[in-house]
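Undergrad: Input: one structure, supplied below.
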Amino acid sequence: MYFTAYVTAVLAIILTALSLNVSRLRIKHNVSYGDGGVKPLTVGIRVHGNSLEQSLLFIFLLFFVEQAGLVTLTQGLGVSFVVVRLLYIWALLGKQHRLRQVSHTVTLVIQLVAAFSILSQMVA
1337 MYFTAYVTAV LAIILTALSL NVSRLRIKHN VSYGDGGVKP LTVGIRVHGN
1387 SLEQSLLFIF LLFFVEQAGL VTLTQGLGVS FVVVRLLYIW ALLGKQHRLR
1437 QVSHTVTLVI QLVAAFSILS QMVA
(Lines of atoms letter the chains of each structure in order from A and count residues from 1; the text may use other names and numbers.)
(Lines give C-alpha, C1' and ligand atoms only; values in the text may rest on other atoms or scores of the structure.)
Protein backbone atom coordinates (compact mmCIF):
# COMPACT_ATOMS: atom_id res chain seq x y z
CA MET A 1 0.00 0.00 0.00
CA TYR A 2 1.27 3.44 -0.87
CA PHE A 3 1.94 5.92 1.95
CA THR A 4 0.08 8.55 -0.08
CA ALA A 5 -3.08 6.47 0.39
CA TYR A 6 -2.75 6.74 4.17
CA VAL A 7 -2.25 10.49 4.02
CA THR A 8 -5.21 10.81 1.66
CA ALA A 9 -7.42 8.82 4.05
CA VAL A 10 -6.42 11.01 7.02
CA LEU A 11 -7.05 14.17 5.02
CA ALA A 12 -10.43 12.79 3.92
CA ILE A 13 -11.40 12.28 7.56
CA ILE A 14 -10.30 15.82 8.44
CA LEU A 15 -12.18 17.30 5.47
CA THR A 16 -15.31 15.32 6.31
CA ALA A 17 -15.18 16.61 9.90
CA LEU A 18 -14.83 20.18 8.59
CA SER A 19 -17.77 19.65 6.24
CA LEU A 20 -19.89 18.32 9.10
CA ASN A 21 -18.94 21.40 11.11
CA VAL A 22 -20.25 23.64 8.31
CA SER A 23 -23.49 21.61 8.22
CA ARG A 24 -23.80 21.92 12.00
CA LEU A 25 -23.35 25.69 11.80
CA ARG A 26 -25.87 25.97 8.96
CA ILE A 27 -28.46 24.13 11.04
CA LYS A 28 -27.65 26.09 14.19
CA HIS A 29 -27.97 29.47 12.43
CA ASN A 30 -30.70 28.39 9.98
CA VAL A 31 -28.66 29.34 6.89
CA SER A 32 -29.15 27.26 3.74
CA TYR A 33 -27.03 29.18 1.22
CA GLY A 34 -23.91 31.28 1.58
CA ASP A 35 -22.91 32.36 5.05
CA GLY A 36 -25.93 34.52 5.90
CA GLY A 37 -23.58 37.09 7.41
CA VAL A 38 -22.94 34.72 10.32
CA LYS A 39 -19.26 35.07 11.29
CA PRO A 40 -18.78 31.53 12.71
CA LEU A 41 -20.29 30.08 9.51
CA THR A 42 -18.06 32.27 7.36
CA VAL A 43 -15.02 30.99 9.24
CA GLY A 44 -16.21 27.38 9.07
CA ILE A 45 -16.75 27.60 5.32
CA ARG A 46 -13.33 29.18 4.82
CA VAL A 47 -11.53 26.61 6.99
CA HIS A 48 -13.13 23.81 5.00
CA GLY A 49 -12.52 25.48 1.64
CA ASN A 50 -8.89 26.33 2.29
CA SER A 51 -8.16 22.87 3.67
CA LEU A 52 -9.74 21.26 0.61
CA GLU A 53 -7.83 23.50 -1.80
CA GLN A 54 -4.47 22.80 -0.19
CA SER A 55 -5.10 19.09 0.35
CA LEU A 56 -6.06 18.31 -3.23
CA LEU A 57 -2.90 19.83 -4.66
CA PHE A 58 -0.76 18.19 -2.01
CA ILE A 59 -2.18 14.70 -2.57
CA PHE A 60 -1.19 14.86 -6.25
CA LEU A 61 2.27 16.16 -5.40
CA LEU A 62 2.81 13.51 -2.73
CA PHE A 63 1.73 10.75 -5.09
CA PHE A 64 4.34 11.78 -7.66
CA VAL A 65 7.05 12.17 -5.01
CA GLU A 66 6.28 8.63 -3.92
CA GLN A 67 6.27 7.38 -7.52
CA ALA A 68 9.73 8.88 -7.92
CA GLY A 69 10.88 6.45 -5.24
CA LEU A 70 11.53 9.09 -2.58
CA VAL A 71 10.03 7.05 0.26
CA THR A 72 11.54 8.90 3.22
CA LEU A 73 10.69 12.27 1.71
CA THR A 74 7.15 11.07 1.01
CA GLN A 75 6.67 10.06 4.63
CA GLY A 76 8.21 13.25 6.00
CA LEU A 77 6.18 15.52 3.75
CA GLY A 78 2.98 13.57 4.35
CA VAL A 79 3.19 13.65 8.14
CA SER A 80 4.35 17.27 8.15
CA PHE A 81 1.50 18.35 5.90
CA VAL A 82 -1.16 16.71 8.07
CA VAL A 83 0.28 18.22 11.27
CA VAL A 84 0.59 21.69 9.72
CA ARG A 85 -2.95 21.58 8.34
CA LEU A 86 -4.29 20.60 11.76
CA LEU A 87 -2.41 23.56 13.25
CA TYR A 88 -3.86 25.82 10.55
CA ILE A 89 -7.40 24.62 11.31
CA TRP A 90 -6.90 25.05 15.04
CA ALA A 91 -5.39 28.51 14.52
CA LEU A 92 -8.16 29.76 12.24
CA LEU A 93 -10.97 28.42 14.41
CA GLY A 94 -9.23 29.74 17.54
CA LYS A 95 -8.41 33.13 16.05
CA GLN A 96 -4.66 32.61 16.42
CA HIS A 97 -3.66 34.91 13.57
CA ARG A 98 0.13 34.49 13.80
CA LEU A 99 -0.04 30.68 14.01
CA ARG A 100 -2.40 30.69 11.04
CA GLN A 101 0.10 32.71 9.00
CA VAL A 102 2.99 30.47 9.95
CA SER A 103 1.12 27.23 9.33
CA HIS A 104 -0.07 28.45 5.94
CA THR A 105 3.47 29.47 5.00
CA VAL A 106 4.79 26.06 6.04
CA THR A 107 2.02 24.42 3.98
CA LEU A 108 3.27 26.29 0.91
CA VAL A 109 6.90 25.40 1.66
CA ILE A 110 5.97 21.70 1.92
CA GLN A 111 4.18 21.89 -1.43
CA LEU A 112 7.17 23.62 -3.03
CA VAL A 113 9.58 21.02 -1.65
CA ALA A 114 7.39 18.31 -3.16
CA ALA A 115 7.17 20.10 -6.51
CA PHE A 116 10.90 20.76 -6.76
CA SER A 117 11.65 17.19 -5.71
CA ILE A 118 9.52 15.91 -8.58
CA LEU A 119 11.23 18.25 -11.03
CA SER A 120 14.70 17.28 -9.81
CA GLN A 121 13.89 13.60 -10.36
CA MET A 122 12.74 14.31 -13.90
CA VAL A 123 15.97 16.14 -14.76
CA ALA A 124 18.24 13.49 -13.18
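Just so we're aligned, residue 1337 is where the sequence shown starts under our numbering, counting upward by one.
For glycine and all other residues, C-beta sits at the position ideal for the given N, C-alpha and C.
Thinking Arg1365 and Val1374 are a contact (beta carbons under 8 Å), I'd like their distance in whole angstroms, please.
TA: Note that residue 1365 is His in the sequence shown, not Arg. Going by Cβ atoms, the distance from His1365 to Val1374 rounds to 5 Å, so yes, they are a contact pair.
Undergrad: I need the straight-line Cα distance from Ile1446 to Arg1360, nearest angstrom please.
TA: Between Ile1446 and Arg1360, the C-alpha separation is close to 31 Å.
Undergrad: May I ask which residues mark the beginning and end of the alpha helix (DSSP H) holding Tyr1342?
TA: Looking at the DSSP string, the run of the alpha helix (DSSP H) that includes Tyr1342 is 1339-1365.
Undergrad: Counting along the chain, where does the alpha helix (DSSP H) carrying Tyr1424 start and finish?
TA: Residues 1407-1429.
Undergrad: With a threshold of 8 Å, are at least 3 pairs of Cβ atoms found where one atom belongs to the segment 1367-1382 and the other to the segment 1404-1416?
TA: Too few Cβ pairs lie closer than 8 Å, so no.
Undergrad: Please identify the residue among Val1438, His1433, Arg1382, Gly1405 whose C-alpha is closest to the C-alpha of Phe1417.
TA: It is Val1438.
Undergrad: Between the C-alpha atoms of His1433 and Ala1427, what's the straight-line distance to the nearest angstrom?
TA: Answer to the nearest angstrom: the Cα atoms are 7 Å apart.
Undergrad: Counting along the chain, where does the alpha helix (DSSP H) carrying Gly1380 start and finish?
TA: From DSSP, the alpha helix (DSSP H) with Gly1380 extends over 1375-1403.
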